[in-house]
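Working notes for the structure below.
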Amino acid sequence: MALASAAPDEAAAQPRDAAPVDAPAPDALAVPGSVEPGATVDDPMIAGRRRPGYVTELPAPVVQNNVGAVSAPPPEAFPTDQFPIPDRWRLVTALCPDKNFVGLQTVCKSRFDPYHQNPLKADLPIQLDKKPFFLPITGDDWFFGINAISDTVVEPRSFPTPVADQTSSYPGAIDTFGRDRSLVLAQTGLFGFGLTKGSTAYKPPDVEYRVLLAYQVNYVNVQERRVLHVESSRPTHRTDSFLGVQEFFIDKHLGNRSDRFDFDSIRIGIQPFQFDFRGFLFQDNQLGIRFFGNRDNNRYQFNLQAIWRLDKDTNSGLNDITRKPRDDYILSANIFAQDFPLPGLTSLASFTANFNRETERELDHNGFPVRPALLGDQRPREYDVYYVGYSLDGRLKRFNLSSTFYGAFGEDRNSFFTSKPAKIRAFFAAAELSYDIDWIRVKLSGLYATGDGKPKDNKETGFSAIFENPIFAGADTSYWIRQVVPFAGGGVNVAISPRNGILNDLRTSKEQGQSNFNNPGTMLLGVGADFDILPQLRFSTNLNHLWFENTATLRELRNEGSIPKSIGWDLSGALIWRPSMIQNVVFRLSGAVLDPGKGFSDLFTNSRGDDRYYSVLFNAILSF
Numbered sequence: 080m081a082l083a084s085a086a087p088d089e090a091a092a093q094p095r096d097a098a099p100v101d102a103p104a105p106d107a108l109a110v111p112g113s114v115e116p117g118a119t120v121d122d123p124m125i126a127g128r129r130r131p132g133y134v135t136e137l138p139a140p141v142v143q144n145n146v147g148a149v150s151a152p153p154p155e156a157f158p159t160d161q162f163p164i165p166d167r168w169r170l171v172t173a174l175c176p177d178k179n180f181v182g183l184q185t186v187c188k189s190r191f192d193p194y195h196q197n198p199l200k201a202d203l204p205i206q207l208d209k210k211p212f213f214l215p216i217t218g219d220d221w222f223f224g225i226n227a228i229s230d231t232v233v234e235p236r237s238f239p240t241p242v243a244d245q246t247s248s249y250p251g252a253i254d255t256f257g258r259d260r261s262l263v264l265a266q267t268g269l270f271g272f273g274l275t276k277g278s279t280a281y282k283p284p285d286v287e288y289r290v291l292l293a294y295q296v297n298y299v300n301v302q303e304r305r306v307l308h309v310e311s312s313r314p315t316h317r318t319d320s321f322l323g324v325q326e327f328f329i330d331k332h333l334g335n336r337s338d339r340f341d342f343d344s345i346r347i348g349i350q351p352f353q354f355d356f357r358g359f360l361f362q363d364n365q366l367g368i369r370f371f372g373n374r375d376n377n378r379y380q381f382n383l384q385a386i387w388r389l390d391k392d393t394n395s396g397l398n399d400i401t402r403k404p405r406d407d408y409i410l411s412a413n414i415f416a417q418d419f420p421l422p423g424l425t426s427l428a429s430f431t432a433n434f435n436r437e438t439e440r441e442l443d444h445n446g447f448p449v450r451p452a453l454l455g456d457q458r459p460r461e462y463d464v465y466y467v468g469y470s471l472d473g474r475l476k477r478f479n480l481s482s483t484f485y486g487a488f489g490e491d492r493n494s495f496f497t498s499k500p501a502k503i504r505a506f507f508a509a510a511e512l513s514y515d516i517d518w519i520r521v522k523l524s525g526l527y528a529t530g531d532g533k534p535k536d537n538k539e540t541g542f543s544a545i546f547e548n549p550i551f552a553g554a555d556t557s558y559w560i561r562q563v564v565p566f567a568g569g570g571v572n573v574a575i576s577p578r579n580g581i582l583n584d585l586r587t588s589k590e591q592g593q594s595n596f597n598n599p600g601t602m603l604l605g606v607g608a609d610f611d612i613l614p615q616l617r618f619s620t621n622l623n624h625l626w627f628e629n630t631a632t633l634r635e636l637r638n639e640g641s642i643p644k645s646i647g648w649d650l651s652g653a654l655i656w657r658p659s660m661i662q663n664v665v666f667r668l669s670g671a672v673l674d675p676g677k678g679f680s681d682l683f684t685n686s687r688g689d690d691r692y693y694s695v696l697f698n699a700i701l702s703f
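So in my numbering the end of the sequence shown lands on 703, straight run, no missing numbers.
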C-alpha cells in the first residue's frame with residue numbers, strides 16, 4: 080500500500096526524508112532500508128527509519144543465571160534498541176580459554192599473572208555461590224585480593240666493633256676496637272590479603288579488611304664477642320627467626336561529602352603511618368586509629384591519628400604483638416594542600432605530640448638494656464614533646480623540590496646529665512633540590528638538626544625523631560643511614576646513629592629505645608644523580624659530607640677535652656634492575672664507603688689502622 084493513503088495527521092508527522100506522497104510503491108524499491116511488503120505505518124519499525132513519538136514495546140526482562148553477579152537492570156532502564164549485560168566483569172573472560180582470538184589475549188591470563196585481570200588481585204567481584212566458607216559476606220561488590228612479597232638481603236659490612244671487657248675471640252686483642260667485618264643474611268616473606276566492598280575504581284571503598292603477616296629468618300656473623308648477645312660465652316654468630324603482624328585493620332567509609340567523592344573514613348588497627356613526605360619524623364606500621372578524608376575535589380587531605388606503639392622484635396624489627404604495647408603514645412594531625420603556595424607544590428602542615436611514660440627498665444631479646452639508655456645517671460626517663468612541622472613537595476618549573484622543617488618543644492622530666500627536669504627546644508630542617516636533564520636527574524641535599532651545646536643546663540636542644548626512616552641523600556644505600564655505629568666508651572649498647580636513620584641522637588635503637596634530646600645533632604651536605612640508563616636499569620650515586628652540629632654531649636660522656644665536628648665523607652652507589660620494567664621483580668646492588676673525618680677518627684681510633692668502613696647490599700624483591 081502506498082504512503083499516500085495515510086491519514087493527514089500521520090503524514091505530517093513523518094520525518095523530513097520520508098518518501099513523497101506520489102512515490103512508487105515500496106515493493107518497487109530494491110534498496111536497503113525499504114519497507115517490507117505488507118508493512119503499515121502502524122508497525123513498530125519501518126526498516127531503516129524511526130518514527131518520532133512512537134514507543135515500542137519493551138523486551139522481556141533478562142533472566143539472571145550467573146549467581147553472585149551484579150543483577151541486571153530492568154528493561155525500563157534502557158532505550159528499546161539496547162539491552163542489559165548480565166555481568167560486565169566476566170563478559171569477555173567467559174570466552175576464555177580461546178587463546179586464538181587476538182582480542183582476548185589480554186584477559187585470558189593465568190591467575191599467577193598480577194598484571195592482567197585476576198580474581199586474586201581484586202579485579203573481579205566475588206561470586207557468592209563460589210565464595211570460600213570462611214568469608215562471612217552477603218551482597219554484591221565484594222572484592223578479594225592477596226599479595227605476597229619475598230625480600231632477600233645479603234649484606235657484608237664493616238663498622239667500629241668494640242672489644243668486650245671480659246674476652247675476645249682473638250688472642251692479643253687488647254685494643255678498644257677489634258675486627259670490624261660482619262655479614263648479615265635475611266630472608267623475609269610477607270603475605271597479606273584484603274577484603275573490600277565497593278566499586279573502588281572511582282570512589283572510596285565502603286569497607287576494607289586488611290591483614291599482612293611477615294616472617295623473617297636472619298643470620299649474623301661478626302668477629303667479636305658480646306656484639307650479638309650480652310653473654311660473652313655466646314658465639315659470634317646467630318640465627319634467629321620471627322613472625323610479625325605488620326597490618327591488621329578495618330577501614331570504614333563514613334560517607335561522601337560531595338558529588339566528586341570527597342569523603343571521610345576511619346581506620347582502626349595495625350596500619351602504616353607516615354607523618355611527612357620523606358619519613359624524617361615517623362614512618363612505621365603501628366597500632367592506632369586514623370580518621371582521614373579530603374575536600375574540594377581532593378585538593379585538601381587531612382589526617383587525625385592516635386597511636387599506641389607496639390614493641391618490636393630485637394633482631395628482625397617486626398611488630399611483636401605477644402608483648403604488651405609500650406607506654407608510648409602519639410597524637411598527630413596534619414593537612415595537605417595541593418597547588419599551595421604555588422601551582423605544582425603541595426604543602427603539609429602538621430602537629431604531633433609524643434607522650435612517653437616508660438619508667439620501667441627493659442632489656443632486648445639479646446639481653447642488652449634498651450630502656451633507659453645507659454647514659455649519664457642511667458635513671459628511667461619520661462617526656463612530653465610536641466612537634467610542629469611544615470613540608471613542601473612538588474615542582475617549580477623544571478626543578479623538583481622537597482623540604483621539611485620541624486620544631487620540637489616540651490619537657491624531659493629527667494635529664495640524664497642533671498637528674499632534673501629540662502625543657503626541650505630543638506629544630507630540624509632538610510631539603511632536596513633536583514633537576515632533570517633528559518634521562519639524568521641531578522640532586523642537591525642539605526640537612527641540619529640542632530645539637531645540645533650545654534648538656535648540664537635545664538634545656539635540651541638536640542633534635543630527635545620518634546621513628547625515622549628517611550628517604551633522603553641516598554637512603555639506605557648510604558653508609559651512615561644504613562649502618563649502626565656504636566658509641567663505645569660513652570654508653571652501653573648506645574649508637575651514635577641508628578640503623579636506617581640519619582640523626583645522631585645517641586639511642587639504643589629506634590625500634591625499642593626512647594627519643595633523646597641530649598645529643599650532638601647532625602649536619603649534612605650532599606650531591607647525587609640518578610641515571611636511567613635503560614627502562615630496566617637505573618644507576619644512582621650520592622656523595623655526602625656529615626658533621627656533628629655540636630660535640631659538647633660527646634665530650635661530656637667521653638670525658639674528653641675536644642672532639643672535632645667532622646664525621647667524614649659518605650660515598651655510595653646503587654644499580655637497580657627491573658628485568659621486565661615492572662615493580663614485581665626488582666634487584667638492587669649497592670655499595671658505600673665512609674672515609675672518616677677528624678671527629679669520627681677521634682671517637683674510633685684503633686691500632687689496626689682501619690681508616691675506612693664499607694657497606695655492600697644485595698637486595699632482591701619479588702612481588703605478587
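Note that beta-carbon positions come from the ideal geometry of N, C-alpha and C, so glycine has one too.
Because the structure is a prediction, the values reported are computed rather than measured.
Cβ shell of residue 478 (< 8 Å), same chain only, five flanking positions each side left out = As a working note, residue 478 is residue 399 in the sequence shown. Cβ neighbours of residue 478 beyond the five flanking positions: 512, 513, 514.
ask   = Applying the criterion that 16 or more other CB atoms from any shown protein chain within 10 Å of the CB defines a buried residue, is residue 394 buried or exposed?
value = Counting from one through the sequence shown, the residue named residue 394 turns up at place 315. Buried, because 16 or more other Cβ atoms sit within 10 Å of the Cβ of residue 394.
request  = Please report the Cβ distance between residue 403 and residue 397, rounded to the nearest whole angstrom; I am assuming they are in contact, meaning their Cβ atoms lie under 8 Å.
outcome  = Against the sequence shown, residue 403 aligns to sequence position 324. Against the sequence shown, residue 397 aligns to sequence position 318. So it is not a contact: roughly 17 Å between Cβ atoms.
key: Opposing strand residues paired with residue 621 [DSSP bridges]   = Within the sequence shown, the letter at position 542 stands for residue 621. Residue 621 pairs with 607, 651.
Residue 486 to residue 649 span [Cα, whole Å] = Counted from its first residue, the sequence shown places residue 486 at position 407. Counted from its first residue, the sequence shown places residue 649 at position 570. Residue 486 and residue 649: Cα-Cα distance of roughly 27 Å.
inquiry  = Assuming residue 466 and residue 434 are in contact, meaning their beta carbons sit under 8 Å apart, how far apart are those beta carbons, in whole angstroms?
reply    = Translated into positions along the sequence shown, residue 466 becomes position 387. Translated into positions along the sequence shown, residue 434 becomes position 355. With 8 Å as the limit, residue 466 and residue 434 do not qualify as a contact, their Cβ atoms being about 12 Å apart.
request  = Between the Cα of residue 237 and those of 260, 218, 142, spot the shortest distance and give me the residue it belongs to.
outcome  = For the purposes of this step, residue 237 is identified with residue 158 of the sequence shown, where counting begins at 1. Measuring C-alpha to C-alpha distances from residue 237 to each of 260, 218, 142 identifies 260 as the nearest.
message = Taking its Cβ as the centre, do 16 or more other Cβ atoms sit within 10 Å of residue 692, making it buried, or is it exposed?
response = In the sequence shown, counting from the first residue as 1, residue 692 sits at position 613. The residue is buried, with at least 16 neighbouring Cβ atoms inside 10 Å.
ask   = Any chance the segment 536-543 sits against the segment 205-221, with 3 or more Cβ pairs inside 8 Å?
value = The answer is no - the segment 205-221 does not touch the segment 536-543, with fewer than three Cβ pairs under 8 Å.
request  = Please list, in chain order, all residues of the same chain as residue 493 whose beta carbon is under 6 Å from its beta carbon, the five residues on each side excluded.
outcome  = Position 414 of the sequence shown holds residue 493. Answer for residue 493: 458, 460, listed in chain order.
query = From the DSSP output, which residues share a beta bridge with residue 387?
reply = Along the sequence shown, read from residue 1 onward, the residue named residue 387 stands at position 308. Answer by DSSP bridge pairing, in chain order: 366, 408.
task = Throw me the rounded Cβ distance for the residue 495 and residue 532 pair, which I believe falls under 8 Å.
result = Here residue 495 corresponds to residue number 416 of the sequence shown, with the count starting at 1. Here residue 532 corresponds to residue number 453 of the sequence shown, with the count starting at 1. The pair is not a contact, with the Cβ atoms about 17 Å apart (cut-off 8 Å).
message = Across the segment 282-290 and the segment 340-353, are there enough close Cβ pairs to call them in contact, namely three or more that are closer than 8 Å?
response = Note that the segment 282-290 touches the segment 340-353; at least 3 beta-carbon pairs, one per stretch, sit closer than 8 Å.
ask   = How big is the Cα-Cα spacing for residue 655 and residue 668?
value = What you label residue 655 is simply residue 576 of the sequence shown in a count that begins at 1. What you label residue 668 is simply residue 589 of the sequence shown in a count that begins at 1. One C-alpha to the other measures close to 7 Å.
query = Any idea which residues DSSP pairs residue 640 with across the strands?
reply = Within the sequence shown, numbered from 1, the residue matching residue 640 stands at position 561. Partner(s): none; residue 640 has no beta bridge.
Three-state secondary structure assigned by DSSP to residue 475 = Position 396 of the sequence shown holds residue 475. Correct three-state label for residue 475: strand.
inquiry  = Taking the beta carbon of residue 363 as the centre, do at least 16 other beta carbons fall within 10 Å, making it buried, or is it exposed?
reply    = Mapped onto the sequence shown, residue 363 falls at position 284. Residue 363 comes out buried.
Among 203, 267, 262, 258, nearest to residue 276 - alpha-carbon criterion = Here residue 276 refers to the residue found at position 197 of the sequence shown. With distances taken between Cα atoms, residue 276 lies closest to 203.
task = To the nearest angstrom, report how far apart residue 573 and residue 287 are at their CA atoms.
result = Indexing the sequence shown from 1 puts residue 573 at position 494. Indexing the sequence shown from 1 puts residue 287 at position 208. Rounded to whole angstroms, residue 573 to residue 287 spans 41 Å at the Cα level.
task = Classify residue 142 as buried or exposed, calling it buried when 16 or more other Cβ atoms lie within 10 Å of its own Cβ.
result = As a position in the sequence shown, residue 142 is number 63, starting the count at 1. Flag for residue 142 reads exposed.
task = Check whether the Cβ atoms of residue 431 and residue 411 lie closer than 7 Å to each other.
result = In the sequence shown, the residue the question calls residue 431 occupies position 352. In the sequence shown, the residue the question calls residue 411 occupies position 332. Taking 7 Å as the cut-off, the Cβ atoms of residue 431 and residue 411 count as close.
ask   = Thinking just about the alpha-carbon of each residue, which of 153, 682, 144, 587 is nearest to the one in residue 449?
value = For the purposes of this step, residue 449 is identified with residue 370 of the sequence shown, where counting begins at 1. For residue 449, the closest C-alpha among the options 153, 682, 144, 587 is that of 587.
query = Would DSSP call residue 691 helix, strand or coil?
reply = One-based indexing of the sequence shown puts residue 691 at position 612. Residue state, collapsed to three classes: coil.
ask   = Near residue 331, which residues of its chain fall below 7 Å by C-beta distance, leaving aside the five closest residues on each side in sequence?
value = Sequence index remark: in the sequence shown, residue 331 carries index 252 (1-based). Excluding positions up to five away in sequence, the list reads 286, 344, 345.
key: From 294, 300, 376, residue whose alpha carbon lies closest to that of residue 326   = Within the sequence shown, numbered from 1, the residue matching residue 326 stands at position 247. Of the listed residues, the one whose Cα sits closest to residue 326 is 294.
request  = Just tell me which of 334, 358, 353 has its CA closest to the CA of residue 372.
outcome  = Translated into the one-based positions of the sequence shown, residue 372 becomes position 293. For the residues 334, 358, 353, the minimum Cα distance to residue 372 belongs to 334.
query = Since residue 678 is in the alpha helix (DSSP H), which residue starts that stretch and which ends it?
reply = Here residue 678 refers to the residue found at position 599 when the sequence shown is read from its first residue. Taken as a continuous stretch (DSSP letters only), the alpha helix (DSSP H) holding residue 678 covers 677-682.
key: Nearest residue (CA-CA) to residue 274, options 265, 266, 566, 290   = Taking the sequence shown and counting its residues from 1, one reaches residue 274 at position 195. Measuring from the Cα of residue 274, the nearest candidate turns out to be 290.
Unbroken beta strand (DSSP E) run spanning residue 520, endpoints = Position 441 of the sequence shown, counted from the first residue, corresponds to residue 520. Run containing residue 520: 519-528, per the beta strand (DSSP E) assignment.
Residues of its chain near residue 414, where Cβ-Cβ distance is below 6 Å and the 5 sequence neighbours each way are ignored = Looking up residue 414 in the sequence shown gives position 335. Excluding sequence neighbours, residue 414 sits near 381, 428.
ask   = Residues in its own chain within less than 7 Å of residue 658 by CB, not counting five upstream and five downstream?
value = Taking the first residue of the sequence shown as position 1, residue 658 is located at position 579. Within the same chain, residue 658 has close Cβ partners 615, 664.
inquiry  = Please report the straight-line C-alpha distance between residue 608 and residue 620, rounded to a whole angstrom.
reply    = In the sequence shown, residue 608 corresponds to position 529, counting from 1. In the sequence shown, residue 620 corresponds to position 541, counting from 1. Each residue's CA atom was taken as its position, placing residue 608 and residue 620 some 6 Å apart.
task = Kindly indicate which three-state DSSP category residue 303 falls into: helix, strand or coil?
result = The residue labelled residue 303 in the question sits at position 224 within the sequence shown. Coil, per DSSP.
inquiry  = So, at 6 Å on beta carbons, what are the nonlocal neighbours of residue 101 in its own chain, with the 5 sequence-adjacent residues on each side left out?
reply    = For the purposes of this step, residue 101 is identified with residue 22 of the sequence shown, where counting begins at 1. Only weak support is given to the placement of residue 101: the predicted model assigns it a pLDDT of 44, under 50, and the value that follows is read from those uncertain coordinates. Correct list: empty, nothing qualifies.
ask   = CB-CB under 7 Å to residue 575, same chain, minus the five flanking residues each way: which ones, in chain order?
value = Indexing the sequence shown from 1 puts residue 575 at position 496. Closer than 7 Å at the Cβ level, and outside the excluded window around residue 575, lie 564, 566, 583, 585.
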